[in-house]
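In the numbering used here, the protein residues as written are 22 to 131.
Next up, the structure:
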């Protein structure tokens with residue numbers, strides 16, 4: 022993860038595996054109640070397949086994934102329960118199949 026960009030698994034259109042691309046994306050910045058995670062592992066479930074194929078209404082392009090574990094790299098201004106470097110996990114990240122992902126702090130556990 023660089024200061025300004027991350028690599029992410031992007032669904033470029035609805036379809037099969039051939040619509041997946043690893044692309045550079047801007048590094049997300051946490052909002053007031055969010056944490057930024059450096060993703061070490063991301064879950065792959067049926068929901069990701071449904072999103073990719075268009076069975077669930079996600080409009081491409083989008084970064085796949087919601088489950089991940091990793092280290093806290095930045096915190097929002099109202100976050101008090103976590104510190105930079107904490108090892109955490111969540112099932113509610115935004116675009117978990119990337120080098121970094123945002124998650125609501127109240128949906129993150131150590």
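All C-beta atoms, glycine included, are put in the ideal place defined by N, C-alpha and C.
Determine, using beta carbons only, whether residue i and residue j come nearer to each other than 8 Å.
i: residue 97; j: residue 126; result: yes
i: residue 121; j: residue 49; result: yes
i: residue 124; j: residue 69; result: no
i: residue 34; j: residue 78; result: no
i: residue 108; j: residue 73; result: no
i: residue 58; j: residue 89; result: yes
i: residue 62; j: residue 84; result: no
i: residue 47; j: residue 25; result: yes
Distance, Cα to Cα, residue i vs residue j?
i: residue 117; j: residue 60; result: 7 Å
i: residue 30; j: residue 87; result: 12 Å
i: residue 105; j: residue 128; result: 17 Å
If you compare alpha carbons, which of the options is closest to residue i?
i: residue 64; options: 130, 110, 131, 128; result: 110
i: residue 94; options: 51, 75, 67, 76; result: 51
What would DSSP say about residue i, mapped onto helix, strand or coil?
i: residue 126; result: helix
i: residue 121; result: strand
i: residue 96; result: strand
i: residue 111; result: strand
Considering only residues of the segment 23-90, which uninterrupted alpha helix (DSSP H) runs meet the minimum length of 4 residues and lie entirely inside it, listed in chain order?
67-74
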